[in-house]
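Asker:
And the structure:
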């Protein structure tokens, strides 16, 4: 199981952002790359909810998939 984020502890008006990337490879030489960004907020929905927002917690689990050093935070 992956990392557990304490999303249940969000107070009113708080927001978190989680980022991850990975790739799948089958039995052939091809692979599929995916990058996810998940944003969760505890406040009413509106069109610009996540635009230019400061987050109360950010988790960045992206890694280099090509053997290069991880990028700076």
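Numbering (the numbering used here), first residue to last: 132 to 204. Built from N, CA and C at the ideal position, the CB exists for glycine as well. None of these values were measured; they are calculated from a predicted model.
For the beta strand (DSSP E) that residue 170 lies in, which residues bound it at each end?
Answerer: For the purposes of this step, residue 170 is identified with residue 39 of the chain shown, where counting begins at 1. Taken as a continuous stretch (DSSP letters only), the beta strand (DSSP E) holding residue 170 covers 162-172.
Asker: Tell me which residue opens and which closes the beta strand (DSSP E) that residue 149 is part of.
Answerer: Locating residue 149 in the chain shown gives position 18, counting from the first residue. That run of the beta strand (DSSP E) goes 146-156.
Asker: What distance in whole Å lies between the Cβ atoms of residue 148 and residue 168, which are believed to be in contact at a cut-off of 8 Å?
Answerer: For this step, residue 168 is matched to residue 37 along the chain shown. For this step, residue 148 is matched to residue 17 along the chain shown. Indeed, because the Cβ distance is near 7 Å, the residues count as touching under 8 Å.
Asker: Considering only their Cβ atoms, is the gap separating residue 196 from residue 158 smaller than 8 Å?
Answerer: Residue numbering aside, residue 158 sits at position 27 when the chain shown is read from its first letter. Residue numbering aside, residue 196 sits at position 65 when the chain shown is read from its first letter. Not in contact: residue 158 and residue 196 (Cβ atoms no closer than 8 Å).
Asker: At which residues does the beta strand (DSSP E) containing residue 191 begin and terminate?
Answerer: Position 60 of the chain shown, counted from the start, is the residue given in the question as residue 191. Per DSSP, residue 191 belongs to the beta strand (DSSP E) from 188-191.
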